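Protein chains: 4
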Amino acid sequence: MSESEDSRQTGPRTRGRPRNADADAAILSATRDLLAERGWPDLTIAEVAARAGVAKTTLYRRWPGKADLVVDAMAELFSHLEVLDRGSMLQDALATVGQYVELLQLPETQAALLALSAEADRDASLRAKVIDKVIDPQRHLVYEAWERACARGEVEGETDIDLIFDMICGTLVHRILIKGQPVDQEYLTRFVSVVLAGLAQLRLAGGI
Amino acid sequence: MSESEDSRQTGPRTRGRPRNADADAAILSATRDLLAERGWPDLTIAEVAARAGVAKTTLYRRWPGKADLVVDAMAELFSHLEVLDRGSMLQDALATVGQYVELLQLPETQAALLALSAEADRDASLRAKVIDKVIDPQRHLVYEAWERACARGEVEGETDIDLIFDMICGTLVHRILIKGQPVDQEYLTRFVSVVLAGLAQLRLAGGI
Amino acid sequence: MSESEDSRQTGPRTRGRPRNADADAAILSATRDLLAERGWPDLTIAEVAARAGVAKTTLYRRWPGKADLVVDAMAELFSHLEVLDRGSMLQDALATVGQYVELLQLPETQAALLALSAEADRDASLRAKVIDKVIDPQRHLVYEAWERACARGEVEGETDIDLIFDMICGTLVHRILIKGQPVDQEYLTRFVSVVLAGLAQLRLAGGI
Amino acid sequence: MSESEDSRQTGPRTRGRPRNADADAAILSATRDLLAERGWPDLTIAEVAARAGVAKTTLYRRWPGKADLVVDAMAELFSHLEVLDRGSMLQDALATVGQYVELLQLPETQAALLALSAEADRDASLRAKVIDKVIDPQRHLVYEAWERACARGEVEGETDIDLIFDMICGTLVHRILIKGQPVDQEYLTRFVSVVLAGLAQLRLAGGI
DNA sequence: CAGTAATCGAGACGGTACGTCGTGTCTTATA
DNA sequence: TATAAGACACGACGTACCGTCTCGATTACTG
Numbered sequence: 000m001s002e003s004e005d006s007r008q009t010g011p012r013t014r015g016r017p018r019n020a021d022a023d024a025a026i027l028s029a030t031r032d033l034l035a036e037r038g039w040p041d042l043t044i045a046e047v048a049a050r051a052g053v054a055k056t057t058l059y060r061r062w063p064g065k066a067d068l069v070v071d072a073m074a075e076l077f078s079h080l081e082v083l084d085r086g087s088m089l090q091d092a093l094a095t096v097g098q099y100v101e102l103l104q105l106p107e108t109q110a111a112l113l114a115l116s117a118e119a120d121r122d123a124s125l126r127a128k129v130i131d132k133v134i135d136p137q138r139h140l141v142y143e144a145w146e147r148a149c150a151r152g153e154v155e156g157e158t159d160i161d162l163i164f165d166m167i168c169g170t171l172v173h174r175i176l177i178k179g180q181p182v183d184q185e186y187l188t189r190f191v192s193v194v195l196a197g198l199a200q201l202r203l204a205g206g207i
Numbered sequence: 000m001s002e003s004e005d006s007r008q009t010g011p012r013t014r015g016r017p018r019n020a021d022a023d024a025a026i027l028s029a030t031r032d033l034l035a036e037r038g039w040p041d042l043t044i045a046e047v048a049a050r051a052g053v054a055k056t057t058l059y060r061r062w063p064g065k066a067d068l069v070v071d072a073m074a075e076l077f078s079h080l081e082v083l084d085r086g087s088m089l090q091d092a093l094a095t096v097g098q099y100v101e102l103l104q105l106p107e108t109q110a111a112l113l114a115l116s117a118e119a120d121r122d123a124s125l126r127a128k129v130i131d132k133v134i135d136p137q138r139h140l141v142y143e144a145w146e147r148a149c150a151r152g153e154v155e156g157e158t159d160i161d162l163i164f165d166m167i168c169g170t171l172v173h174r175i176l177i178k179g180q181p182v183d184q185e186y187l188t189r190f191v192s193v194v195l196a197g198l199a200q201l202r203l204a205g206g207i
Numbered sequence: 000m001s002e003s004e005d006s007r008q009t010g011p012r013t014r015g016r017p018r019n020a021d022a023d024a025a026i027l028s029a030t031r032d033l034l035a036e037r038g039w040p041d042l043t044i045a046e047v048a049a050r051a052g053v054a055k056t057t058l059y060r061r062w063p064g065k066a067d068l069v070v071d072a073m074a075e076l077f078s079h080l081e082v083l084d085r086g087s088m089l090q091d092a093l094a095t096v097g098q099y100v101e102l103l104q105l106p107e108t109q110a111a112l113l114a115l116s117a118e119a120d121r122d123a124s125l126r127a128k129v130i131d132k133v134i135d136p137q138r139h140l141v142y143e144a145w146e147r148a149c150a151r152g153e154v155e156g157e158t159d160i161d162l163i164f165d166m167i168c169g170t171l172v173h174r175i176l177i178k179g180q181p182v183d184q185e186y187l188t189r190f191v192s193v194v195l196a197g198l199a200q201l202r203l204a205g206g207i
Numbered sequence: 000m001s002e003s004e005d006s007r008q009t010g011p012r013t014r015g016r017p018r019n020a021d022a023d024a025a026i027l028s029a030t031r032d033l034l035a036e037r038g039w040p041d042l043t044i045a046e047v048a049a050r051a052g053v054a055k056t057t058l059y060r061r062w063p064g065k066a067d068l069v070v071d072a073m074a075e076l077f078s079h080l081e082v083l084d085r086g087s088m089l090q091d092a093l094a095t096v097g098q099y100v101e102l103l104q105l106p107e108t109q110a111a112l113l114a115l116s117a118e119a120d121r122d123a124s125l126r127a128k129v130i131d132k133v134i135d136p137q138r139h140l141v142y143e144a145w146e147r148a149c150a151r152g153e154v155e156g157e158t159d160i161d162l163i164f165d166m167i168c169g170t171l172v173h174r175i176l177i178k179g180q181p182v183d184q185e186y187l188t189r190f191v192s193v194v195l196a197g198l199a200q201l202r203l204a205g206g207i
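Residue numbers (numbering that gives the first Met the number 0), protein chains in the order written: chain A, 0 to 207; chain B, 0 to 207; chain C, 0 to 207; chain D, 0 to 207.
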């Protein structure tokens, strides 16, 4: 995630005026602000540039378009999650999923996440970027939580990380982003315990 | 749900030339076709009108914009689901969820569903339409499946329909629409059994 | 001018519901009012109909379009001029031209006369209507004034009515409608006396 | 008059990409061509842009609308008149007025001049542009012709330039543009001699 | 320390879709 | 048959955003 675009890792850049190092951060920050203020459809490249104090040219030199820009802006937001150690698998899960819920409830996330996925429908390379930079980095959280529970002796063996991941993210996306409903503590607790119960079942049955 | 816009149920219409009754169906059908062919961002009102053999004006007289039009087009697609009776709760669920998966895998659904939800982010009235016409009509499937299982004696009491609904729809949306991955028979079976296991847990614990 | 359109003199109309006799006057009056209020480009058939308390259909059954409607509306305005007898050729001319000036200064005339002539550029039948119904009816004023002057013995023989007519109408149209300047008493007196002087020259030289 | 719009004389232009210098001429030329081909009502901005090989945006960046565009297109046409020296006041006048007649008989002029004046009825700023750029530049012709005649000793003192100007332009506009009749050599000669006779009268009477 | 090369701000450009408006025609029920 | 009401096909409007381009000006590294 430190390289926000492919065109930027071309080795030790030498000739010519170097790029303004502050611009990237200003642009991504402006992008998030405007996503929160205006929503995806009314987010214009020109306004992002203006807000960041940068020319449109500069922005287009670094990102090919609105979608790629927003991917990187969201990636920064989603790069700070980690599995919290709360002593038990249930508590770990509650705390970690809670962090994820908070992210989903940010206005910039609400504006961007579904829009990006929608845009990615006909654009395989965009879909790859969304998955690589925003979605998949969260998958390791499930893995780590499972490993920690194993280390504690709460569970053993392997499980279906992908399925669990889809269930957690998907359910919350459906609740928060698609239906626009809040996730309170009770809903969260109930949800996590259902998932953990199912997860146990998964292990017992050995994939049915 | 058969009324595609509020302005159309105004009692015993008398004055003036009546609206062309065929146009609605032609427009919605053209909308779905073009969604599948071009995707959401390249779906233009002008082309829908042309494909439906209708003037742009006529289309705007019936729907305020692209999003509202697509809501109704999708609503028709999603109005044919029902709970299949396969003899057991597990088999009922597999068959019914399988129908839903097929809908999610249609190119028109892939083009439209997330785009609509994204567009609805800042537009409460659009969100309400999406939920009322596309999302919520599927919720009764969960209810009916549960009732049938009760009647068979497989389960008893009540359960958290909303949570189960979010889990089923959300997981599949995440898998199919967001990550763009296929749902095969194995994934489906595994998923459904995890949900049913969790559901049993939900009943036992009495909401934790 | 009593028959405002060709489609209306079809003999002794018999079958079916007869046309509303008041509608013509109401429509022409509404047309003049709206010309004065909104100007030619913003005059819409729909609004004329509404103002006249009539359906668009009714209007289109009587006039083929906006231009023809306005021709008749203007024709009524221009149908009341006559040569005033003020005792001398100069005074007759001043009084009669003064009437014409007043017509040109009406807002409805300002809105309509040049617009009609412009519209007539590519439409020979419209040009014929404008000339027959609005322009040429005034030409006889020149003829009558000349005849009266002859009868008084102020002048004798013939003159070039067409040229004099073009000069009088044209000069005032240029001043009032094209340049938008007022015609005061001094300008009018000076103008008429120049024309009369030229007219004398015309007679003397016998066409140069 | 060479500057087609006020927004274009902004001193030593520096910042940003400069405007395409050829575009103005191409647009104005396309405008005249299409005026001649289609007439004013069927002249569309989109077609002018296409014909000039320019985007609609570019055209709107330079002119606020159809009328302003046509004013400049006509201004170019009317900017080439001059008083010809034919040895006598009468011959000078015949030659110069003859040039003007030729301009009025061009199809682009027939399409545009009255339409512009009509459009200017409710738009003071447009009226000012029409007068400043198309009408008034011809007024000096009358002045120069008079001065030359004075220098020759044919006439002396001052005269009412405005009135003479209205009479010349107005009469020909009425004949050619409003009535759509041709101006042949005989009409022209007769007309000019009447005006000159009246002009002499004007001088003698000292304004009546 | 001049030359080269890439960056930057600014804004014009070609293109495309938008949603609105006016036209003149039509289709209904009613008079 | 005329009427009021209003839907209809059509086509132009003027606006907005996109992503590209062309400028002059700046800012480093290079030879």
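Where is the CB? At the ideal position from N, CA and C, for every residue including glycine.
Keep in mind the model is a prediction, meaning the values are calculated, not measured.
Spatial distance of residue i from residue j (CA atoms)
i, j, result
"Lys55/A", "Ala25/A", "13 angstroms"
"Ala117/B", "Ala29/B", "22 angstroms"
"Val154/B", "Leu162/A", "25 angstroms"
"Thr13/A", "Lys65/A", "28 angstroms"
"Gly169/D", "Leu187/D", "14 angstroms"
"Lys128/C", "Pro136/C", "11 angstroms"
"Gln180/B", "Ala20/D", "54 angstroms"
"Leu105/A", "Leu68/A", "18 angstroms"
"Arg126/A", "Leu33/D", "48 angstroms"
"Lys178/B", "Leu112/B", "14 angstroms"
"Thr158/C", "Glu143/D", "31 angstroms"
"Gln90/B", "Trp145/B", "12 angstroms"
"Gly97/C", "Arg60/B", "52 angstroms"
DSSP state of residue i mapped onto helix, strand, coil
i, result
"Glu107/D", "helix"
"Thr13/D", "coil"
"Ala184/C", "A quick correction: the sequence has Gln, not Ala, at residue 184/C. Gln184/C: helix per DSSP, three-state reduction."
"Leu125/D", "helix"
"Thr43/D", "coil"
"Ser192/C", "helix"
"Lys65/B", "helix"
"Glu153/C", "coil"
"Thr95/B", "helix"
"Leu80/B", "coil"
"Thr158/B", "coil"
"Ser87/D", "coil"
"Val53/A", "coil"
C-beta contact flag for residue i and residue j at 7 angstroms
i, j, result
"Ala94/A", "Val191/A", "no"
"Gly102/D", "Thr108/D", "Per the sequence shown, the amino acid found at residue 102/D is Leu instead of Gly. Against a cut-off of 7 angstroms, the Cβ pair of Thr108/D and Leu102/D comes out as a contact."
"Val100/C", "Val182/C", "yes"
"Gly38/D", "Ala150/D", "no"
"Ala196/B", "Gly197/A", "yes"
"Val53/B", "Ala22/B", "yes"
"Leu140/C", "Val82/C", "yes"
Residue-level contact to chain A via CB, residue i, 7 angstroms cutoff
i, result
"Asp44/B", "Here residue 44/B is Ile; the residue named in the question, Asp, does not match the sequence. Chain A, which has no Cβ nearer than 7 angstroms to the Cβ of Ile44/B, makes this no."
"Cys168/B", "yes"
Residue i Cβ short of 6 angstroms to the ligand HEM heavy atom set
i, result
"Arg174/B", "No copy of the ligand HEM appears in this structure; indeed no ligand is present at all."
Chain B within 7 angstroms of residue i, Cβ atoms only
i, result
"Ile177/A", "yes"
"Met88/A", "no"
"His139/A", "no"
Any C-beta of chain D under 7 angstroms from that of residue i
i, result
"Gln200/C", "yes"
Minimum Cβ-Cβ distance from residue i to chain C less than 7 angstroms
i, result
"Gly38/D", "yes"
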